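Going by my numbering, the first residue of the sequence shown is number 88, and it counts up by one from there.
The structure appears below as structure tokens.
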Amino acid sequence: MGRVAGLLAFLPDEAIPVLIVLGGMLLIVGARSLAMSLFGLCGMMIVLPPALEAVLGELPEWTLYPIMILAMLSMCAFLISILIGRGAWRETKGRITANVITWFFLFPFRLIGWLLGGLFGRRR
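This is the structure we're talking about:
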């Protein structure tokens, strides 16, 4: 239910009764684990929005921007993993992480080089 659960999370609240009925039908058919997953999803769809609204409403505005960026990145990662496959996405994520870490290590040296180059003039 991995990819499907991500798509089901975008359903409106009005779909909760339909999901509960579908979960009941899955129990009748014998797909117990899938039915329990649907019931868990319904429970999360009921409980999480009020809890998150209370928590996020109390945070200062500047903390919401990194949270929004992380949420958008995770949604993009979900969509990319659907489009290119989970294994290819893991490889891509590893390469992106390696590039970011390399940039963080090299940035101070590039900054010093840029400052000293501006101070003493660049050699060509």
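Glycine residues also receive a C-beta, built at the ideal position from the N, C-alpha and C atoms.
As the structure is a prediction and not an experimental result, all values here were calculated from the model.
Q: Enumerate, from N- to C-terminal direction, the unbroken alpha helix (DSSP H) stretches of 4 or more residues contained entirely within the segment 135–197.
A: Those alpha helix (DSSP H) runs which fall completely within the segment 135–197 and span 4+ residues are 148–171.
**Q.** Rounded Cβ spacing between I133 and I103 (contact assumed at less than 8 Å)
**A.** Contact holds; Cβ gap of about 7 Å.
**Q.** Through-space distance from F207 to L135, alpha-carbon basis
**A.** Distance between the alpha carbons of L135 and F207 is about 58 Å.
Q. F97 by DSSP, collapsed to three states: which one?
A. For F97, the three-state secondary structure derived from DSSP is coil.
Q | Inter-residue CB distance, L128 and L106 (contact presumed, cutoff 8 Å) | A | Between L106 and L128 the Cβ distance is about 7 Å, and since that is below 8 Å, they are a contact.
Q) What are the boundary residues of the alpha helix (DSSP H) that includes G111? A) Segment 103–116, the alpha helix (DSSP H) holding G111.
Q) Looking only at its own chain, which residues have a Cβ that is under 7 Å from the Cβ of V108, when we skip the five neighbours before and after it? A) Closer than 7 Å at Cβ, skipping near neighbours: no residue.
Q: Determine the contact status of G110 and F126, defining contact as a CB-CB distance below 8 Å.
A: Closer than 8 Å, so yes.
Q: For L113, collect the residues of the same chain with a Cβ closer than 6 Å to its Cβ; drop the 5 residues on either side in sequence, then sort them by chain order.
A: Cβ within range, chain order: L121, A122.
Q | Whether L139 touches L151 by CB criterion (8 Å) | A | No, these two residues do not count as a Cβ contact at 8 Å.
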